[in-house]
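A short worksheet on the structure shown next.
Structure below.
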C-alpha cells in the first residue's frame, strides 16, 4: 500500500475512538464442531485486520485439529458442510494443515493481543521528535526530556485538509493525540497527567492502544465460544472477558480490547 492509496478517516467520525486508544480493528469469524451454547470447540478461524479508516493490513486463517474422543454435533457438520471423510482428515495428527487446539488458541490470542500495535504495517510518515514528559504525583510535577521516532497517523478535517493530530510511539507502544489546556482551543481537554510537551509547544496525551473487535453474531454465540475455548486452552477465566475487565488475555495490567456487540446487519456497515 502506497501513501497515495492509503485511506484517511474524517477526524469528526473517529476522534472518540482515538481518545480510547482505538486505531486498529479486527473482524473475525469461526466454525465449530458443535452448537452447544456453553462450549463448542473451534474447527477453523479467520480474521481481517485493518485500521479505523478502512485500510486493510493483513488476515489470518487457522485450521484446528479435532481431538480424540470428541464427537461433533451433526447439526454443526451440516452448517459447515463437513463430510465423514473430512472429519477423519481433521483428526489426523499428521495433517500439516491443522494445528492442535492449544496452539491454535495461542495464535488467535496473539492476534487479539498484538493487533492494536500493527500500525507499523501502514505507510505512515516517520520522523524524530524531542519532547518533555509531564507526570504528576500528588502536588509534585516530574518532567523528563526524550528524543524518539514517531509515526504520524493522518486524519482529515471538515474541509478535507490532512491533520497530524495523532502519533504512534513504536518504542513505547503508545498512542498520543493532540490536546490543549486553553478552553478556547478546538483541542481543549482537561488533562493533568500522563502527557508530554513537544519542542514546538504542542501538548500530547498518551493513551494505550486498544483493538476494536467485531464479528458476525458475536453477542449471540461467538464471543461466548471464544471465551470457553480460551479457558480450555489454558488461559485464565478472568482475562478473557473482552468488555468487562481491564485485563487482556495475557496481561492483567493491559487495557481491555473494545468489542462492540454488533448484529449481522450492523457488522456489514461498521
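In my numbering, the protein residues as written are 20 to 289. Glycine included, every Cβ here is placed at the ideal spot set by N, Cα and C. This structure is a prediction, so every number in the text was calculated from the model and none was measured.
The alpha helix (DSSP H) enclosing residue i, as first and last residue numbers
i: residue 126; result: 120-133
i: residue 35; result: 30-37
i: residue 93; result: 93-99
i: residue 248; result: 242-251
C-alpha gap between residue i and residue j, whole angstroms
i: residue 39; j: residue 102; result: 45 Å
i: residue 55; j: residue 236; result: 15 Å
i: residue 185; j: residue 125; result: 31 Å
i: residue 36; j: residue 42; result: 7 Å
i: residue 240; j: residue 82; result: 19 Å
i: residue 115; j: residue 85; result: 13 Å
i: residue 32; j: residue 104; result: 49 Å
i: residue 297; j: residue 173; result: There is no way to answer for residue 297, as the model of the chain reaches only from 20 to 289.
i: residue 139; j: residue 148; result: 17 Å
i: residue 57; j: residue 92; result: 14 Å
i: residue 183; j: residue 130; result: 28 Å
i: residue 142; j: residue 94; result: 45 Å
i: residue 227; j: residue 99; result: 38 Å
i: residue 144; j: residue 234; result: 31 Å
i: residue 44; j: residue 59; result: 25 Å
i: residue 232; j: residue 117; result: 25 Å
i: residue 192; j: residue 135; result: 9 Å
i: residue 75; j: residue 254; result: 29 Å
i: residue 187; j: residue 219; result: 18 Å
i: residue 202; j: residue 252; result: 51 Å
i: residue 160; j: residue 47; result: 44 Å
Same chain, Cβ closer than 8 Å to residue i, five either side skipped, listed in chain order
i: residue 215; result: 150, 151, 152, 153, 165, 195, 222, 223 and 225
i: residue 78; result: 65, 66, 67 and 68
i: residue 210; result: 198, 200, 222 and 224
i: residue 190; result: 167 and 168
i: residue 49; result: 61, 62, 63, 64, 65, 241, 244 and 245
i: residue 133; result: none
i: residue 155; result: 161, 211 and 212
Top-ranked residue by Cα proximity to residue i, from the options
i: residue 146; options: 162, 137, 104 and 170; result: 170
i: residue 96; options: 115, 76, 53 and 116; result: 53
i: residue 29; options: 234, 253, 57 and 179; result: 179
i: residue 247; options: 120, 46, 144 and 157; result: 120
i: residue 158; options: 100, 212, 94 and 44; result: 212
i: residue 71; options: 253, 219 and 229; result: 229
i: residue 34; options: 202, 206 and 220; result: 206
i: residue 90; options: 46, 135 and 51; result: 51
Limits of the beta strand (DSSP E) - the one that residue i falls within
i: residue 42; result: 41-51
i: residue 78; result: 75-82
i: residue 230; result: 229-234
i: residue 69; result: 61-70
i: residue 215; result: 214-217
i: residue 222; result: 222-226
Same chain, Cβ closer than 6 Å to residue i, five either side skipped, listed in chain order
i: residue 73; result: 26
i: residue 17; result: Past the boundaries of the shown model lies residue 17; the chain is included only from 20 to 289, so the question cannot be answered.
i: residue 163; result: 152
i: residue 123; result: 81 and 83
Same chain, Cβ closer than 7 Å to residue i, five either side skipped, listed in chain order
i: residue 24; result: none
i: residue 217; result: 148, 150 and 223
i: residue 176; result: 30 and 182
i: residue 263; result: Confidence in residue 263 is poor, its pLDDT being 46 and thus under 50, which makes the residue's placement unreliable; the coordinate value appears in the next sentence. Closer than 7 Å at the Cβ level, and outside the excluded window around residue 263, lies no residue.
i: residue 204; result: none
Closer than 9 Å to chain C by CB, residue i
i: residue 65; result: Among the protein chains of the structure shown there is no chain C, as only one such chain exists.
Heavy atom of the ligand FMN within 8 Å of residue i beta-carbon
i: residue 172; result: The ligand FMN is not part of the structure shown, which contains no ligands of any sort.
- Can you list, in chain order, the stretches of the beta strand (DSSP E) that have 3 or more residues and sit fully within the stretch 121-197? You should have 144-156, 159-175 and 181-188.
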